[in-house]
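Trainee:
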Amino acid sequence: MPADFDPARLLAHLVEHELRFIVVGGVAAILHGSPLMTEDLDVVYSTQPENLERLSHALSELKAIYRDPAGRRIQPDLDRLVSIKTHLLKTEFGSLDLLKTIGPDLGYHELLEKSAPVEVEGVQVHVVDLEQLIEAKELAGRPKDRIGVLYLRELLDRRSGQS
Numbered sequence: 152m153p154a155d156f157d158p159a160r161l162l163a164h165l166v167e168h169e170l171r172f173i174v175v176g177g178v179a180a181i182l183h184g185s186p187l188m189t190e191d192l193d194v195v196y197s198t199q200p201e202n203l204e205r206l207s208h209a210l211s212e213l214k215a216i217y218r219d220p221a222g223r224r225i226q227p228d229l230d231r232l233v234s235i236k237t238h239l240l241k242t243e244f245g246s247l248d249l250l251k252t253i254g255p256d257l258g259y260h261e262l263l264e265k266s267a268p269v270e271v272e273g274v275q276v277h278v279v280d281l282e283q284l285i286e287a288k289e290l291a292g293r294p295k296d297r298i299g300v301l302y303l304r305e306l307l308d309r310r311s312g313q314s
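In this text, residue positions in the sequence shown follow the numbering used here: the first is 152, and each later residue adds one.
1) Considering only residues of the same chain and omitting the five flanking positions on each side of V274, which have a CB-CB separation below 8 Å?
2) Going by CA-CA distance only, name the one from Q226, H238, S207 that's closest to I216.
3) Report all residues from its chain with a CB closer than 8 Å to the CB of D296; omit the five preceding and five following residues, and keep chain order.
4) Short check: CB of V300 to CB of T252, under 8 Å?
5) Quick check: the Cα distance between D230 and E204, rounded to an integer number of angstroms?
6) Smallest Cα separation from E201: which of L281, E169, P294?
7) Tell me which residues share the same chain as S311 and place their Cβ nearer than 8 Å to its Cβ, disregarding the 5 neighbours each side in the sequence.
8) For the stretch 225-270, list the beta strand (DSSP E) runs that are entirely contained and at least 3 residues long, ordered along the chain.
9) Would the stretch 237-244 and the stretch 277-288 be scored as touching if the rule is three or more Cβ pairs under 8 Å?
10) Helix, strand or coil: which one does DSSP assign to Q283?
11) So who's on the other strand from Y196, going by DSSP bridges?
12) Any idea which residues DSSP pairs Y321 with across the strands?
13) Are D228 and S207 close, meaning C-beta to C-beta below 8 Å?
14) If you measure between the beta carbons of L263 and L284, is that distance less than 8 Å?
15) Just list the residues that DSSP pairs V274 with in beta bridges.
16) Per DSSP, which one or two residues make a beta bridge with D191?
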């Protein structure tokens, strides 16, 4: 993990602002027991207006800007949070990817029933379940996801008693 990446502090900040979100991606995989490291925190967020307003405020406090190859300092705002599906951000605690959906177009409300609360350094967050994480990574189809799926399937098999 990059030296400036602190997913626990990012999560604590999001929880402090009473945001509704579900941890997905590499951090979710680590929380399920994967040994693979990640460089960002991926979350699927609720698109309800009050959540978007709180999210906009939280991002401002985190000094969030889009990871822009041209080096422009574009800040996320309420309009962008509403209109853009994926936000790849840089914050004072590392990279944060905000997603409206994952996998087969599953948003916050669909994922909520496929997640469970997990405590991360004293903060309670919802983390997508292992089966759904595997499905989302398989659908993404990236080389790093294919490797990650091997570990995640092994974890799932162990939990199911099939190893």
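Note that the Cβ used here is the ideal one computed from N, Cα and C, for glycine as well.
Quick caveat: nothing in here was measured; it's all calculated off a predicted structure.
Mentor: Concretely, from the data shown:
1) A159, L162, A163, V166
2) Q226
3) K288, E289
4) no
5) 10 Å
6) E169
7) none
8) 237-242, 245-250
9) no
10) helix
11) F172
12) Residue 321 lies beyond the residue range present for the chain, which begins at 152 and ends at 314; the question has no answer from this structure.
13) yes
14) no
15) V271
16) S246
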